[in-house]
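Protein chains in written order, with the working numbering: chain A, 1 to 418; chain B, 1001 to 1418. C-beta atoms are modelled at their ideal positions from N, C-alpha and C, and glycine is treated no differently.
And the structure:
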């Protein structure tokens, strides 16, 4: 079979499996998830051998150390995968839940019932643990899934795929519910993106280039996360100690992630007092500041920001800083340069706190808390499959529930339309 | 300005207007909707003149009568538009509603708040009333909208657009919240479909060709409705009188719409009694039957169905009929040939009623009621902008709420991530 036929066959098998999966009860899905966790434990050696082959050939190809690091299925990563599987097993099953029901004047009882999305396609880059993490969430939500990982992780992914298949079989679920693409050719991906009759949604996970490629070529809907240019606005009525703690946490605790702060906006009235102490706190932690003219006037050693700094996702110990005349200017700045990811206000003012929450249209808008909380675990959704920065279907962290949709159900006793 | 620049300018203006719209309270939106209803009343003459120009040039171009009919803004159609505007005005405003809120172990209070989608693009064909109906729903949900109607309705649409602009101005809303494209060139539509940074969702309304064109070319998400191949399954335990009444209503009451029944599935045990009486009832109403071999054996005058009849959307007084060995065969037939629109079971059996509702994955699955109820008004959502047969974001009738999304909000008192 050529790529085209292989991919089409996978799509058809996934669609058939999705019908079975939609009927699977939670006990069976839990069996699969807990069984997989046990198999990862008992197959540590087999996994390590497959992973070593990838690491070795990565080294031969001259992959840089951070990439080799992401590729490695260390004991720590394996333990986290097992813990994740057990946590997902315990999440409430969203499928079949009737979220609301009402009665029409003619007596027809109408409701909405949660159902799986169907077939989920996931295209991702180096980390092989995504194979298990993503499959677990898709199965819990009653979907079938087609996974296409990076070529560097080929052997690890195939090994994990075999283990997942064994767990499906042991739980009595169709093996085609989780299929990992065996080819890493680009044409196979392009073919996958054409299968709108088999794949209900595509979720790309990786760099901006991958995501733009998927969005431009997919015929089915795409749930995507471009970048996180997150802001904290320190209001004139902020508690300066709280503001300092939140800004340090949001910038420094883990600078390389999408929910780290990239731009700090400070009200002009608090700036003369607040900015020098922040500059000192950031200096001690090795954060480089890039400021607007007013920031540089207050903090003379600060480097001047260029226009592109306002939309930069540094993912590093660098921070853009701007003094704003009022909250409306802060909101306008966020609307212009932000990426709809996460924004926070620090204030003691009741009215502005609520107006900020109303008027800023990002996936998470917060009062007096660190931007670092935009994450499925932290918000209480359980594991997440990504953070959507586009508005349709899911906006923000996507957990198990976001891998489902609702259908209407109606119970009548002979109603006809007049 | 060329098309490209014109369309881009519309997109940018719509995006700015969407920011204003998201803040608009319900009183202002109601003002706009009720004001538009009043203006349609007082401007009947102006509307009739514009509409006459379209009808005349349609006649000159030799448009067939049904198309001319759809084009006409008769008094009846205008009255329905006014009534629709007043109904939408009274619907509850979804924007700002916090649908759930919970507290995390660290005290962070997290919730989901409904917000507008942003900018909605609507591409539709002949009926000019869509210009007002669709704009009303989009505005109620706090969105800006760009409308592109059919070239045959050009003057009617421009006249309605002017009235809508006057109403926006009078209510203090930005005029760019409703923009009707002035060009009807295809390149302008193609350009519109590229504006993923300005338009959040595209909703095509019309024939399958239009919808496929939009789905293939749009870079933003598309909410689409392909076709309605709706089924009624008459179970062995059906009440035959109820089954007859439901089948007649679903097929005959308005055969040219998407929620009319196109295929009847009958359990083999009830078929010998039920099919002859149904054949007679249908014959009296001028419905042509196309049956499977078993149907033709029971009803000898029935024409044999070809393979393509099982997936046909006749939109006419024609019905495909198949005898099935059991409910699972009916469900399998629906999964294979259906279009995920509307399916009903007629039965007195409790267990099968519930299993049918669980296992059939269409946008509306019913027990003992006519398929004709799949419609926003009938299900109690208020006016609808269409019926989605794809699963993401909205599945089934899309009312005001489906023109919104949710963001996460979080209220803290200094929480940092550890």
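- Message: Checking 9 Å against the spacing of the C-beta atoms, do residue 1403/B and residue 1198/B come in under that value?
- Response: Start at 1 with the first residue of the second chain, and residue 1403/B comes out as number 403. Start at 1 with the first residue of the second chain, and residue 1198/B comes out as number 198. No; because the gap between Cβ atoms is not below 9 Å, this pair is not in contact.
- Query: So which of 106/A, 130/A, 18/A, 260/A has the shortest CA-CA distance to residue 141/A?
  - Reply: Sequence index remark: in the first chain, residue 141/A carries index 141 (1-based). Among 106/A, 130/A, 18/A, 260/A, the Cα nearest to that of residue 141/A is on 18/A.
- Message: Can you confirm whether residue 239/A, when its beta carbon is compared against all beta carbons of chain B, has any partner nearer than 9 Å?
- Response: As a working mapping, residue 239/A is identified with position 239 in the first chain. Taking CB atoms only, residue 239/A has a neighbour in chain B less than 9 Å away.
- Could you work out which residues of chain A lie near residue 1329/B, taking near to mean beta carbons separated by less than 7 Å? In the second chain, the residue the question calls residue 1329/B occupies position 329. What residue 1329/B touches in chain A: nothing, since even the nearest Cβ is about 14 Å away.
- From 1120/B, 1152/B, 1093/B, 1048/B, residue whose alpha carbon lies closest to that of residue 1061/B: The residue given as residue 1061/B occupies position 61 in the second chain. Of 1120/B, 1152/B, 1093/B, 1048/B, the residue nearest in Cα terms is 1152/B.
- Give, in chain order, every unbroken run of the alpha helix (DSSP H) that is at least 4 residues long and sits entirely within the region 100–178 of chain A. Listed in chain order, they are 129–140, 154–171.
- Query: Where does residue 1322/B fall in DSSP's three states?
  - Reply: As a working note, residue 1322/B is residue 322 in the second chain. It is a strand residue.
- Item | At least 3 beta-carbon pairs within less than 8 Å: the region 1–10 of chain A vs the region 71–80 of chain A | no
- At which residues does the alpha helix (DSSP H) containing residue 339/A begin and terminate? Start at 1 with the first residue of the first chain, and residue 339/A comes out as number 339. Unbroken run through residue 339/A: none, as it is neither H nor E.
- Task: Would you mind reading off the limits of the beta strand (DSSP E) that contains residue 1367/B?
- Result: To locate residue 1367/B, count along the second chain from 1; it is residue 367. It spans 1364–1369 - the beta strand (DSSP E) in which residue 1367/B sits, taken as one unbroken run.
- Message: The beta strand (DSSP E) that contains residue 419/A, what's its start and end?
- Response: Outside the displayed span of chain A (1 to 418) sits residue 419/A, for which this structure offers no information.
- Query: Looking at the C-beta of residue 1155/B, does it have a partner C-beta in chain A at a distance below 9 Å?
  - Reply: For the purposes of this step, residue 1155/B is identified with residue 155 of the second chain, where counting begins at 1. Not closer than 9 Å to any Cβ of chain A, the Cβ of residue 1155/B fails to qualify, so no.
- Message: Would you say residue 1359/B lies against chain A (beta-carbon separation less than 9 Å)?
- Response: Here residue 1359/B refers to the residue found at position 359 of the second chain. At least one chain A Cβ lies under 9 Å of residue 1359/B.
- Assuming residue 1250/B contacts residue 1261/B (C-beta within less than 8 Å), just tell me the rounded distance between them. Counted from its first residue, the second chain places residue 1250/B at position 250. Counted from its first residue, the second chain places residue 1261/B at position 261. At roughly 4 Å, the Cβ-Cβ gap stays under 8 Å, so residue 1250/B and residue 1261/B are in contact.
- Item | Span of the alpha helix (DSSP H) around residue 1258/B | By 1-based counting over the second chain, the position of residue 1258/B is 258. Segment: none, residue 1258/B is in no alpha helix (DSSP H) and carries neither H nor E.
- Message: Once DSSP output is grouped into helix, strand and coil, what is the label at residue 1383/B?
- Response: By one-based count along the second chain, residue 1383/B stands at place 383. DSSP places residue 1383/B in coil when its eight states are reduced to three.
- What does residue 395/A touch in chain B if you count any residue whose Cβ is under 7 Å from its own? Here residue 395/A corresponds to residue number 395 of the first chain, with the count starting at 1. Ordered by position in chain B, the residues that pass the 7 Å Cβ test against residue 395/A are 1405, 1406, 1407.
- Message: For residue 1027/B, tell me which candidate among 1405/B, 1170/B, 1257/B has the shortest Cα-Cα distance.
- Response: Within the second chain, residue 1027/B is the residue found at index 27, counting from 1. Nearest C-alpha to residue 1027/B among 1405/B, 1170/B, 1257/B: 1170/B.
- What residue range is occupied by the uninterrupted beta strand (DSSP E) comprising residue 1413/B? The residue labelled residue 1413/B in the question sits at position 413 within the second chain. 1404–1415 is the extent of the beta strand (DSSP E) around residue 1413/B.
- When the cut-off is 9 Å and only beta carbons count, does residue 1261/B lie next to chain A? To locate residue 1261/B, count along the second chain from 1; it is residue 261. Closer than 9 Å: no.
- Item | Alpha-carbon spacing of residue 377/A relative to residue 384/A, whole angstroms | Counting from one through the first chain, the residue named residue 377/A turns up at place 377. Counting from one through the first chain, the residue named residue 384/A turns up at place 384. Roughly 7 Å separates the two Cα atoms.
- Task: Indicate the three-state DSSP secondary structure (helix, strand or coil) for residue 421/A in the structure shown.
- Result: With chain A covering only 1 through 418, there is no way to say anything about residue 421/A.
- Query: With respect to the alpha helix (DSSP H) encompassing residue 82/A, which residues constitute its N-terminal and C-terminal limits?
  - Reply: Position 82 of the first chain holds residue 82/A. Where residue 82/A is concerned, the enclosing alpha helix (DSSP H) stretches over 75–90.
- Item | Within chain B, the residues that residue 379/A reaches when beta carbons sit closer than 7 Å | Within the first chain, residue 379/A is the residue found at index 379, counting from 1. Per Cβ cutoff of 7 Å: 1110, 1408.
- Message: According to DSSP, simplified to helix, strand and coil, what is residue 1399/B?
- Response: As a position in the second chain, residue 1399/B is number 399, starting the count at 1. Residue 1399/B falls in the coil class under three-state DSSP.
- Item | Straight-line gap, residue 1270/B to residue 1238/B (C-alpha atoms, nearest Å) | The residue you call residue 1270/B lines up with position 270 of the second chain. The residue you call residue 1238/B lines up with position 238 of the second chain. Cα-Cα distance, rounded: 8 Å.
- Residue range of the beta strand (DSSP E) that residue 1230/B falls in? For the purposes of this step, residue 1230/B is taken as the residue at position 230 of the second chain. Counting along the chain, the beta strand (DSSP E) containing residue 1230/B begins and ends at 1230–1234.
- Closest Cβ-Cβ distance between residue 1196/B and chain A: below 9 Å? By 1-based counting over the second chain, the position of residue 1196/B is 196. Answer yes: the Cβ-Cβ gap between residue 1196/B and chain A drops below 9 Å somewhere.
- Message: I'd like to know whether the C-beta of residue 1040/B is nearer than 9 Å to at least one C-beta of chain A.
- Response: Sequence index remark: in the second chain, residue 1040/B carries index 40 (1-based). Chain A contact via Cβ: absent.
- Message: Can you check whether the C-beta of residue 972/B is within less than 9 Å of a C-beta belonging to chain A?
- Response: This structure gives no information on residue 972/B, because the portion of chain B shown stretches from 1001 to 1418.
- Message: Does the CB of residue 235/A have a neighbour CB from chain D at under 9 Å?
- Response: Looking for chain D here will not work: the only protein chains present are A and B.
- Query: Around the Cβ of residue 1301/B, are there at least 16 other Cβ atoms within 10 angstroms (buried) or fewer (exposed)?
  - Reply: The residue given as residue 1301/B occupies position 301 in the second chain. By the neighbour-count rule (16 or more Cβ atoms within 10 Å), residue 1301/B is not buried but exposed.
- So, is residue 259/A buried or exposed, given that buried needs 16 or more other C-beta atoms within 10 angstroms? Translated into the one-based positions of the first chain, residue 259/A becomes position 259. That one is buried.
- Query: What do you get for residue 1413/B, buried or exposed, if any count of 16 or more other CB atoms within 10 angstroms of its CB means buried?
  - Reply: Position 413 of the second chain holds residue 1413/B. Classification of residue 1413/B: exposed, given that the 10 Å Cβ count is below 16.
- Message: Just to check my reading of the structure: residue 1267/B and residue 1326/B have Cβ atoms closer than 8 Å, yes? What is that Cβ distance to the nearest angstrom?
- Response: Against the second chain, residue 1267/B aligns to sequence position 267. Against the second chain, residue 1326/B aligns to sequence position 326. Contact holds; Cβ gap of about 7 Å.
- Query: Out of 1348/B, 1321/B, 1350/B, 1346/B, which has the shortest C-alpha to C-alpha gap to residue 1337/B?
  - Reply: Position 337 of the second chain holds residue 1337/B. With distances taken between Cα atoms, residue 1337/B lies closest to 1321/B.
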